[in-house]
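Peer 1: Take the sequence shown: its letter number 383 is residue 383 in the UniProt record's numbering, and every next letter is one higher. Supplied in structure tokens, the structure appears directly below.
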Amino acid sequence: MKKIIYIVLGVAVAAVVAIAALVSLIDPNQFKPQLAEQVRNSTGRELVITGEIDWRFWPSLGLSLEQVALCNPAGFAEPDLVRFEQGEASVALLPLLSHRLEIGKVTLSGAHLFIQTKADGSSNLSGLIKDAAASTATATSEPAQPAAEPAAASESQPWQISLQGVALSQASALVQDDRRGTSLRLARLDLDIGQLITGQWVPVTLAAKGSADKLAFDVKGQTQIKLAQEVMASELKDLDLGGSLSAPALRLDNFSIKGDRLALGEWSNLTLALKGAKGEGTQSALAGSLEGTLKGRLDKELKLVELSDVVLTAALEGDVLPRPQMKLKLAGFARAELDKQLITLSKLVMSADEALLSGDGAVQLGATPAITFDLHGEKLDLDSWLAKSAPTTTAQPKESKPVAGASNAAASGNKAATGNSAALSTVEPDLSALKGLDLDGRLQLGSLRLKGLDLGAVDLQVALAKGLLTLKQFNATVAGGQVTANGVLDARQQPVSYKVHKQVAGVNIRPLLQTLAHSDLLEGKGDLDVQVQGRGLSALALRNQMQGKVTLKLSDGALHGINLPEMIREARATLTGKGGEQVKEARKTDFSALTASFQIADGIARSKDIQLFAPALRVKGEGQTALVPQTLDFLFLTSIVETSKGQGGKDLDELPVATIPVRIGGHWQEPSYQLDVKALLSNNKLLEEKARKEAERGLKKLLGDKADNDAVKGVADQLLKGLFK
């Protein structure tokens with residue numbers, strides 16, 4: 001036993017003496033020129049060791065180096081490809097006897113890496129990689145020399161290699177691409193990796209601060225890694241990564257990603273959180289938070305990413321939102337085929353406050369992304385959701401009073417027109433984004449409220465290709481009827497052009513006019529056909545540049561603001577010189593049918609075939625309305641067609657008037673109605689002259705030769721005058 005102790009002590013003393021002799025007799029700094037020469041021959045680069053090289057011994061043999069740099073060729077932005085202030089590495093001695101190479105923890109302090117690709121495509125890595133590859137190829141191409149004698153059994157034993165860890169402190173890096181004008185900068189990197197042994201979990205901590213172009217980041221995290229013989233079979237667990245991001249228009253004050261276990265081909269549970277995101281600069285402020293959970297998997301071929309059980313919630317606030325505050329939710333499944341650049345979304349459930357949509361979709365990535373979707377929803381109230389939109393007001397019925405004369409009507413209309421036209425914008429919307437993607441989708445809603453209108457059974461199908469937006473189909477119920485529409489919007493040119501065909505059948509027209517035009521002029525049930533086209537989407541261009549045709553058919557309705565029977569009695573009073581009975585009646589004219597067609601061009605809608613059928617009355621009209629000043633200029637000729645009391649008042653056959661001209665002027669919101677006295681009197685003189693001739697012919701037939709008697713003539717003239725009083 002004593003011999004064994006003496007032998008061990010002897011070996012230890014011999015080792016100490018040998019190491020002491022090694023340290024005292026061999027100075028590692030004397031090998032600097034040889035190291036530099038070897039690197040120069042292998043890489044074509046200069047190795048510069050400014051600091052000292054020192055020995056380390058027991059329990060491991062190692063070296064420490066200071067101020068080491070591998071230089072770049074001339075012409076690059078920085079002189080060094082890689083450099084470090086201090087580095088240490090060691091090898092355990094005793095395990096070498098058992099064919100185990102146990103490398104101690106490799107530490108580097110103040111390391112810096114610089115990679116540059118210049119505008120001409122040359123890189124400071126180009127020659128280095130080429131020379132290394134050539135050296136490897138040469139080495140492998142040389143035939144192996146036969147051994148002088150069979151190797152010993154101990155020499156054939158494989159080496160077991162282990163690394164106690166790697167530690168980087170205060171490291172930095174810059175990757176610069178002058179061709180694309182991009183850069184990735186690590187201002188500081190601290191990395192600590194535990195003992196690297198295959199098949200065992202090793203702790204890893206990371207702290208990095210830097211920027212990628214205009215995106216700045218500050219990231220910290222920790223995880224555990226299990227290395228495998230095949231690198232792609234390695235695993236991560238207990239991932240906890242967090243930090244902050246900032247860009248000119250966006251800042252994430254805090255984000256975190258947590259995962260239980262990550263391995264290729266296996267499902268992983270992930271938790272996400274984002275807080276304090278806000279827009280800055282020219283954009284309106286946006287702040288909020290996002291939290292969520294999901295399951296994810298990346299296949300071993302790195303071609304397929306799958307997300308399952310995605311549940312994300314966000315709370316946002318800011319001026320860029322349609323509401324000051326909003327809550328968003330997203331749930332569903334996703335599948336990304338990386339080799340095909342295809343993302344498929346299924347079983348989606350999306351909500352924005354009370355708005356809820358569900359369905360499927362897909363995104364084909366590429367130079368022009370293509371999006372397809374099929375979404376459904378029960379109820380969508382855009383008026384409530386878009387809180388910043390101007391409130392929709394409903395026009396209240398009001399009785400328009402006839403003006404005293406045409407000049408007053410014109411003045412009233414022009415006054416309204418001036419204020420209205422001044423408010424119309426000439427700014428065209430920017431639709432350039434429509435050229436950046438393709439779209440094909442369908443949206444179905446049980447009900448939709450938009451600009452005060454309640455639509456039901458909404459079915460919308462749209463397609464977008466290279467800036468051409470096509471409304472393939474729009475169907476909905478509205479105001480007791482049905483509306484269908486289709487059209488195209490061409491954003492490939494400026495200003496954009498459009499073409500729309502809309503058909504409305506069986507609707508109650510009054511609520512539509514009250515909601516959309518703030519007008520209470522008409523009521524009734526009927527059909528509307530609109531075929532228009534034009535160029536420009538500004539408020540002014542929509543009215544000035546629109547062309548097309550509008551056809552209207554109404555039944556069982558009323559014309560509000562005017563009482564035609566009352567105006568007939570006024571006409572009689574005008575013609576006879578007698579005051580009519582002052583009967584206050586509602587300013588409304590009932591009709592059984594109303595038809596009209598309008599031609600729209602140059603900002604004016606013209607009609608020559610307006611017809612209204614009312615009890616005891618027939619009305620024909622023509623005229624125009626200017627779309628920009630919203631003025632009215634129509635003339636309606638009212639005829640009495642039968643003996644009836646009609647709509648209130650005396651029997652119409654008591655009125656010796658066959659045609660009553662009524663002129664409508666003023667403004668859409670304040671129309672004016674008046675008798676066209678000039679036309680009325682002109683029409684009555686013709687009627688009187690015709691009746692006089694008939695009366696004279698009758699008197700001659702009755703009186704014979706006595707009709708030429710002066711006394712008889714006087715009596716006849718008195719009778720005729722009384723007839724037309």
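Every residue gets a Cβ at the ideal spot worked out from N, C-alpha and C, and that includes glycine. Remember, predicted model here, so these are calculated numbers, not experimental data.
Give me the Cα-Cα distance between residue 108 and residue 221, rounded to the nearest whole angstrom.
Peer 2: Computed Cα separation, rounded: 20 Å.
Peer 1: Between the C-alpha atoms of residue 456 and residue 206, what's the straight-line distance to the nearest angstrom?
Peer 2: Spanning the two alpha carbons is a distance of roughly 56 Å.
Peer 1: So, at 6 Å on beta carbons, what are the nonlocal neighbours of residue 164 in its own chain, with the 5 sequence-adjacent residues on each side left out?
Peer 2: Cβ within range, chain order: 104, 105, 195.
Peer 1: Strictly by DSSP, which residues pair up with residue 66?
Peer 2: Per DSSP, 86.
Peer 1: Rounding to the nearest angstrom, what Cα-Cα distance links residue 554 and residue 353 in this structure?
Peer 2: One C-alpha to the other measures close to 40 Å.
Peer 1: In whole angstroms, what is the alpha-carbon distance linking residue 316 and residue 330?
Peer 2: C-alpha separation (whole angstroms): 14 Å.
Peer 1: Go ahead and label residue 625 buried or exposed: buried means 16 or more other beta carbons lie within 10 angstroms of its beta carbon, across all protein chains shown.
Peer 2: By the neighbour-count rule (16 or more Cβ atoms within 10 Å), residue 625 is buried.
Peer 1: Can you name, in chain order, every residue of its own chain whose Cβ lies under 6 Å from the Cβ of residue 192, other than the five neighbours on each side?
Peer 2: So the list reads 167, 205, once near-sequence residues are dropped.
Peer 1: Can you tell which of 427, 517, 594 has its C-alpha closest to the C-alpha of residue 453?
Peer 2: Checking every option, the nearest Cα to that of residue 453 belongs to 517.
Peer 1: Measuring alpha carbon to alpha carbon, tell me which residue in 509, 375, 366, 173 is nearest residue 358.
Peer 2: Nearest C-alpha to residue 358: 375.
Peer 1: Beta-carbon separation of residue 237 and residue 223 under 8 Å?
Peer 2: It is a contact, given that the beta carbons lie within the stated cut-off.
Peer 1: With DSSP as the reference, please indicate the residues paired to residue 99 in a beta bridge.
Peer 2: Paired residue(s): none; residue 99 is not in a bridge.
Peer 1: If you count every other CB in all the chains shown that lies within 10 Å of the CB of residue 567, and 16 or more means buried, which is it?
Peer 2: Answer is buried; the Cβ neighbour count reaches 16.
Peer 1: If you drop the 5 nearest sequence neighbours on each side, which residues of the same chain put their C-beta closer than 6 Å to that of residue 418?
Peer 2: Low confidence applies to residue 418: its pLDDT is 44, below 50, so where it sits in the model is not reliable, and the reading given next is rough at best. Once the five neighbours on either side are set aside, residue 418 has no close Cβ partner at all.
Peer 1: Considering Cα atoms alone, identify which of 308, 488, 83, 467 is closest to residue 474.
Peer 2: Looking at the Cα atoms, 488 is the closest of the given residues.
Peer 1: Can residue 480 and residue 446 be called in contact, C-beta distance under 8 Å?
Peer 2: Not closer than 8 Å, so no.
Peer 1: Would you report the Cα separation of residue 318 and residue 214, rounded to the nearest angstrom?
Peer 2: So the alpha carbons of these two residues sit roughly 23 Å apart.
Peer 1: Smallest Cα separation from residue 599: which of 550, 468, 89, 557?
Peer 2: Residue 550 is the option with its Cα nearest to residue 599.
Peer 1: Could you check where the alpha helix (DSSP H) with residue 225 kicks off and where it finishes?
Peer 2: Looking at the DSSP string, residue 225 is not in any alpha helix (DSSP H); the run it does join, the beta strand (DSSP E), is 215-226.
Peer 1: Buried or exposed, going by whether 16 or more other CB atoms sit within 10 Å of the CB of residue 332?
Peer 2: Residue 332 should be labelled buried.
Peer 1: Would you call residue 483 buried or exposed, if buried means 16 or more other Cβ atoms sit within 10 Å of its Cβ?
Peer 2: Under this definition residue 483 is a buried residue.
Peer 1: Report buried or exposed for residue 668, applying the criterion of at least 16 other Cβ atoms within 10 angstroms of its Cβ.
Peer 2: It counts as buried.
Peer 1: Looking at the secondary structure, which residues open and close the beta strand (DSSP E) in which residue 269 lies?
Peer 2: Here the beta strand (DSSP E) through residue 269 covers 268-275.
Peer 1: What is the rounded straight-line gap between the Cα of residue 520 and the Cα of residue 560?
Peer 2: Straight-line Cα distance between these residues: approximately 7 Å.
Peer 1: Between which residues of its own chain and residue 427 is the CB-CB distance below 8 Å, once the five residues before and five after are set aside?
Peer 2: For residue 427, where only same-chain residues beyond five positions count, the Cβ hits under 8 Å are 538.
Peer 1: Helix or strand or just coil, what does DSSP make of residue 301?
Peer 2: Reduced to three states, the DSSP call for residue 301 is coil.
Peer 1: If you compare alpha carbons, which of 83, 169, 178 is closest to residue 123?
Peer 2: The option with the nearest alpha carbon to residue 123 is 178.
Peer 1: Given this structure, state the Cα-to-Cα distance separating residue 274 from residue 254, to the nearest angstrom.
Peer 2: The straight-line gap from Cα to Cα measures roughly 6 Å.
Peer 1: If you draw a straight line from the C-alpha of residue 198 to the C-alpha of residue 367, how long is it?
Peer 2: Spanning the two alpha carbons is a distance of roughly 42 Å.
Peer 1: Only counting the same chain, and skipping five residues up and downstream in sequence, which positions put a Cβ closer than 6 Å to that of residue 311?
Peer 2: The answer, listed in chain order, is 292, 293, 331.
Peer 1: Can you grab the Cα-Cα spacing for the pair residue 413 / residue 451, in whole Å?
Peer 2: Bear in mind that a pLDDT of 41 at residue 413, under 50, signals an unreliable position, so the number given afterwards is only what the model happens to contain. Near 26 Å, if we compare the C-alpha coordinates of residue 451 and residue 413.
Peer 1: Based on Cα-Cα distance, which residue from 200, 372, 169 lies nearest to residue 189?
Peer 2: Per the Cα distances, 169.
Peer 1: Taking the alpha carbon of residue 769 as the point to measure from, which residue in 498, 302, 325, 459 has its own alpha carbon closest?
Peer 2: Missing from the structure shown is residue 769; the chain here goes from 1 to 725 and no further.
Peer 1: Buried or exposed for residue 341, please, with buried defined as at least 16 other CB atoms from any protein chain shown within 10 angstroms of its CB.
Peer 2: Its Cβ having fewer than 16 others within 10 Å, residue 341 is exposed.
Peer 1: Secondary structure at residue 746, three-state DSSP: helix, strand or coil?
Peer 2: Nothing can be reported for residue 746: it is not among the residues displayed for the chain, which extend from 1 to 725.
Peer 1: Can you give me the Cβ contacts of residue 508 inside the same chain, cut-off strictly under 6 Å, excluding the 5 residues immediately before and after it?
Peer 2: Once the five neighbours on either side are set aside, the close Cβ partners of residue 508 are 479, 480, 525.
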